Amino acid sequence: AQKVTQAQTEISVVEKEDVTLDCVYETRDTTYYLFWYKQPPSGELVFLIRRNSFDEQNEISGRYSWNFQKSTSSFNFTITASQVVDSAVYFCALSDQGISGGSNYKLTFGKGTLLTVNP
Amino acid sequence: KAGVTQTPRYLIKTRGQQVTLSCSPISGHRSVSWYQQTPGQGLQFLFEYFSETQRNKGNFPGRFSGRQFSNSRSEMNVSTLELGDSALYLCASWTGGLDGYTFGSGTRLTVV
């Protein structure tokens with residue numbers, strides 16, 4: 553069975569600090585998909601990134617970067633020079649293979665990390 | 009383009025009643041899935057539909073059901089409501105491609 557662990561329940565930083573959100577996953581499949589979502593107070597989950605298990609390249613998008621390491625089953629997310637608008641709950645999620653070999657069309661979420669960026 | 013639309017945004021129901029929630033996916037998205045979010049259990053998968061067929065189902069009692077129409081719009085129904093069903097219910101749609109699931113703003117259900 554798949555499992556996603558976000559050990560950090562809450563993180564509080566001061567604006568302009570860098571912050572890393574940890575995500576560790578478990579799956580028995582060799583093909584799977586990892587996601588990060590942001591949930592602001594409005595409640596809507598905002599898609600940030602999707603990564604396939606066979607693509608271990610790190611990714612950078614503006615102030616956001618992701619470090620995917622299969623050897624440690626981790627998919628960590630770093631925000632550089634944090635801003636107050638980054639305050640939200642961040643979720644890591646996993647989707648692994650279904651019976652047919654494709655996605656099982658189900659996201660397994662971690663419990664989320666509440667990030668508070670103070671001015 | 010329009011996002012995923014969920015109606016209603018807020019709902020208050022009494023124990024024992026039933027409720028129907030609606031989700032309109034992004035145009036062209038044929039996959040629709042539903043999630044329940046509570047403070048205690050977090051985000052949990054309910055079910056996923058594609059072309060009116062349920063492809064996967066989470067570990068929820070039979071009181072939770074759903075369906076998808078030919079225009080990809082989806083509804084979920086909860087019968088015999090219990091206090092523990094109070095939650096934010098989120099719907100997501102997906103193209104089936106390389107992007108992620110797009111979520112709606114959710115329906116916040118309160119059972120009293």
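Sequence lines, in order, name chains A and B. Going by our numbering, the first residue of the first sequence is number 553, and it counts up by one from there. Going by our numbering, the first residue of the second sequence is number 9, and it counts up by one from there. In this text, a Cβ means the ideal position worked out from N, Cα and C, and glycines have one as well. For clarity, every value in this text was computed on a predicted model and none was experimentally measured.
Query	Result
Determine the extent of the beta strand (DSSP E) in which A/Glu578 is found, giving its start and end residues.	576–578
Please list the terminal residues of the continuous beta strand (DSSP E) segment that includes A/Tyr642.	640–648
How about A/Glu728: is its C-beta nearer than 9 Å to some C-beta of chain B?	This structure does not reach residue 728 of chain A, given that chain A is present from 553 up to 671, and the question cannot be answered.
Could you name the residues of the same chain whose beta carbon sits closer than 6 Å to that of B/Ser80, not counting the 5 residues immediately before and after it, in chain order?	Pro33, Arg38
Drop a sphere of 10 angstroms on the beta-carbon of A/Asp677, count the other beta-carbons inside from all chains shown, and report buried for 16 or more, exposed for fewer.	Residue 677 of chain A falls outside the range modelled here, since chain A spans only 553 to 671, and no answer is possible.
For B/Asp93 and chain A, any beta-carbon pair shorter than 9 Å?	no
Quick one: residues in its chain with C-beta nearer than 6 Å to the C-beta of B/Thr15, no 5 flanking neighbours on either side, listed in chain order?	Ser30
Within 9 Å of any Cβ in chain B, is that where the Cβ of A/Ala640 sits?	no
Keeping to the same chain, check which residues put their C-beta closer than 6 Å to that of B/Asn2; ignore five residues upstream and five downstream.	Not covered by the structure: residue 2 of chain B. The range shown for chain B is 9 to 120.
Please state the DSSP three-state secondary structure of A/Gly662.	coil
So, at 7 Å on beta carbons, what are the nonlocal neighbours of B/Glu90 in its own chain, with the 5 sequence-adjacent residues on each side left out?	Arg23, Val119
Please classify A/Gln609: is it buried, with 16 or more other beta-carbons within 10 angstroms of its beta-carbon, or exposed?	exposed
Closer than 8 Å, Cβ to Cβ, to anything on chain A: give me those residues from the region 103–116 of chain B, in chain order.	Leu106, Asp107, Gly108, Tyr109, Thr110, Phe111, Gly112, Ser113, Gly114, Arg116
Could you give the residue range of the beta strand (DSSP E) that holds A/Ile601?	598–604
If we count the other Cβ atoms within 10 Å of its Cβ and call it buried at 16 or more, is B/Arg63 buried or exposed?	buried
How big is the Cα-Cα spacing for A/Ser652 and A/Thr630?	Below a pLDDT of 50, predicted positions are generally treated as unreliable, and A/Ser652, at 48, falls in that range; the measurement from the model is reported next regardless. Cα-Cα distance, rounded: 34 Å.
Can you tell me where the beta strand (DSSP E) with A/Thr624 in it begins and where it stops?	Here A/Thr624 belongs to no beta strand (DSSP E), and DSSP marks it neither H nor E.
In the DSSP assignment, what residue or residues form a beta bridge with A/Lys568?	Looking at the DSSP assignment, A/Lys568 forms no beta bridge with any residue, so it has no partner.
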